[in-house]
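Residues 6 to 125 in this note's numbering are what the sequence shown lists, from first letter to last.
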Amino acid sequence: MEWTEQKDVMLAREILLCEPFKYRAGSKERGSVWSQIATNLNTHPGFTVSQRAVRDRFGILEKKAKKRKQLDLALEEIIEKWEAADQEVQLDNQSKAKKLEKDSNSRGDAENVNGNSRCF
């Protein structure tokens with residue numbers, strides 16, 4: 006049998022229903038829960054899985070999810086830093102523009118006070 010995304014979702018739902026994580030790893034109880042999950046999945050067309058197959062597939066999905074989570078966290082951090090840097094640049098540009106405007110206004114006021122207006 007080949008695992009598809011739809012079958013992975015069905016496996017995940019069965020795991021949530023049967024809750025093998027409630028039992029100690031390696032215990033008979035956990036083993037029987039994994040067997041029950043395999044039995045439940047085998048009632049659906051296209052499924053022919055064993056206890057070991059569902060355990061192994063869950064292990065693969067768990068590793069993928071953890072890697073994805075690490076990548077997502079790293080990307081989130083990059084995005085946050087990128088946006089903060091962009092905001093800092095914008096604030097810096099705005100303060101430079103205000104300073105230039107203030108300086109040009111100051112010069113204009115000084116020229117008007119001295120009677121040296123550029124306008125005739």
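Ideal Cβ placement from N, Cα and C applies to all residues, glycine included.
(request) Find the nearest neighbour of L46 within the set M6, F26 and K74, judged by alpha-carbon distance. (result) Position 41 of the sequence shown holds residue 46. Ranking M6, F26 and K74 by Cα distance to L46 puts M6 first.
(request) Run the CB neighbour count on I42, radius 10 Å, all protein chains shown included, and call it buried at 16 or more, exposed below. (result) One-based indexing of the sequence shown puts residue 42 at position 37. Buried, since its Cβ has 16 or more Cβ neighbours within 10 Å.
(message) In this structure, how does DSSP classify S32 when only helix, strand and coil are distinguished?
(response) Taking the sequence shown and counting its residues from 1, one reaches residue 32 at position 27. Coil.
(message) What would DSSP say about E24, mapped onto helix, strand or coil?
(response) The residue labelled residue 24 in the question sits at position 19 within the sequence shown. Coil.
(request) Give the straight-line distance between the Cα atoms of V59 and Q11, rounded to the nearest whole angstrom. (result) Here the question's residue 59 lines up with position 54 in the sequence shown. Here the question's residue 11 lines up with position 6 in the sequence shown. Distance between the alpha carbons of V59 and Q11 is about 14 Å.
(request) Could you tell me if V14 is buried or exposed, where buried requires 16 or more neighbouring beta carbons within 10 angstroms of its beta carbon? (result) Within the sequence shown, the letter at position 9 stands for residue 14. By the 10 Å Cβ count, V14 comes out exposed.
(message) For A17 and P25, what's the separation of their Cα atoms in angstroms?
(response) Within the sequence shown, residue 17 is the residue found at index 12, counting from 1. Within the sequence shown, residue 25 is the residue found at index 20, counting from 1. Cα to Cα, A17 sits roughly 11 Å from P25.
(message) Using 7 Å as the threshold, is the C-beta distance between R73 and W8 below it?
(response) In the sequence shown, counting from the first residue as 1, residue 73 sits at position 68. In the sequence shown, counting from the first residue as 1, residue 8 sits at position 3. Contact flag unset, no.
(message) To the nearest angstrom, how far is the alpha carbon of S109 from that of N98?
(response) For the purposes of this step, residue 109 is taken as the residue at position 104 of the sequence shown. For the purposes of this step, residue 98 is taken as the residue at position 93 of the sequence shown. The straight-line gap from Cα to Cα measures roughly 16 Å.
(request) Determine the closest residue to R29 out of L22, A89 and V38, with distance taken between C-alpha atoms. (result) If you number the sequence shown from 1, residue 29 lands on position 24. The residue with the shortest Cα to Cα distance from R29 is V38.
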